[in-house]
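Engineer: Reading the sequence shown from the start, the letters are residues 215 to 395 in the working numbering. Note that beta-carbon positions come from the ideal geometry of N, C-alpha and C, so glycine has one too.
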Amino acid sequence: MATKAMNVQAIEKALGEPWADTRARLEAAGGASASHKELADALYPQFDGVVEKHGWWVQGAVVAYEQEIGRRVPGQRADGTFDVAVSRTLTGTRNDVITRFAFLIDEGTLAGVALDGEARTSTTEKRSFWRANLEDGTKFEAAAEPKDEGRTMLVLTASKLPSTEALEERRAALKELLGQL
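1. Of all the options Ala357, Glu252, Asp255 and Val264, which has the alpha carbon lying nearest to the alpha carbon of Ile312?
2. In whole angstroms, what is the alpha-carbon distance linking Gly269 and Tyr258?
3. Would you report the Cα separation of Asn309 and Gln273, rounded to the nearest angstrom?
4. Thinking C-beta only, is Thr305 closer than 7 Å to Arg365?
5. Is the separation between the beta-carbon of Arg334 and that of Arg345 shorter than 7 Å?
6. For Ala372, which residues does DSSP report across the bridge?
7. Would you kindly check if the distance between the Cβ of Ala292 and the Cβ of Thr236 is under 7 Å?
8. Is the distance from the Cβ of Met367 to the Cβ of Glu355 below 7 Å?
9. Please determine, among Ser247, Glu383 and Leu375, the residue with the shortest C-alpha to C-alpha distance to Glu349.
10. Less than 7 Å between the C-beta atoms of Val222 and Ala278, yes or no?
11. In whole angstroms, what separates the C-alpha of Asp396 from that of Val369?
12. Identify, in the order they occur along the chain, each residue of the same chain with its Cβ nearer than 8 Å to the Cβ of Leu329, setting aside the five sequence neighbours on each side.
13. How many angstroms separate the CA atom of Met215 from the CA atom of Gln290?
14. Taking Ile283 as the reference, which of Ser247, Ala299, Asp297 and Ala316 has the closest Cα?
15. Can you name the start and end residues of the alpha helix (DSSP H) that Arg384 belongs to?
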């Protein structure tokens with residue numbers, strides 16, 4: 215299952231303009247010769263106060279533009295590495311789900327890669343997290359968020375992956391982990 219490109223139709227709807235207009239704004243900001251940050255910095259104030267969560271949508275628009283011009287492929291970050299996430303809704307509270315997940319990683323490895331140091335846990339008002347650095351230089355996060363009464367959505371994210379091949383291998387390993395829960 216390949217990582218999907220940015221959803222241009224959703225960006226059009228959120229920003230309230232055709233993609234051609236957003237693309238023209240990005241090209242006026244320097245286009246292919248500008249960095250991701252330069253493009254985002256130029257677009258950000260144009261939607262401030264106009265679009266709800268405009269920072270998130272501006273980032274999405276810049277990524278979609280970079281994919282369109284061939285600067286990056288789906289799943290690729292501005293630094294050239296890749297991220298992948300998988301999710302599943304499970305029974306239990308968010309803390310129960312994170313605890314069940316942590317027991318799976320009891321052996322000190324995740325997707326066949328050893329942890330680099332201790333895992334870290336934290337909570338916010340909305341989510342519970344389990345995070346770890348891995349010895350291969352990648353990073354991992356499990357985030358649990360209540361979905362409805364007695365059910366929690368668990369999202370497993372691997373980041374800093376070196377290639378699309380590594381992305382697909384890690385996706386399969388993360389799906390296998392979800393299946394064990």
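Structural biologist: Straight from the coordinates:
1. If we check each option's Cα against that of Ile312, Ala357 comes out closest.
2. Distance from the CA atom of Gly269 to the CA atom of Tyr258, rounded to whole angstroms, is 6 Å.
3. If you draw a straight line from the Cα of Asn309 to the Cα of Gln273, it is about 31 Å long.
4. Going by C-beta atoms, Arg365 is nearer than 7 Å to Thr305.
5. For Arg334 and Arg345, yes; Cβs fall inside 7 Å.
6. Answer is Val298 and Phe354, bridged to Ala372.
7. Cβ distance not < 7 Å, so Thr236 and Ala292 don't count as in contact.
8. Cβ atoms of Met367 and Glu355: not closer than 7 Å.
9. The alpha carbon of Glu349 has as its nearest neighbour, out of Ser247, Glu383 and Leu375, the alpha carbon of Leu375.
10. Cβ distance < 7 Å, so Val222 and Ala278 count as in contact.
11. Absent from the model: residue 396. The displayed extent of the chain is 215 to 395, so no value can be given.
12. Closer than 8 Å at the Cβ level, and outside the excluded window around Leu329, lie Ile319, Gly322, Thr323, Ala346, Asn347, Leu348 and Glu349.
13. Annotation note: pLDDT 49 at Met215 (below 50); position unreliable, no value reported.
14. The shortest Cα separation from Ile283 among Ser247, Ala299, Asp297 and Ala316 belongs to Ser247.
15. It spans Thr378 to Gln394 - the alpha helix (DSSP H) in which Arg384 sits, taken as one unbroken run.
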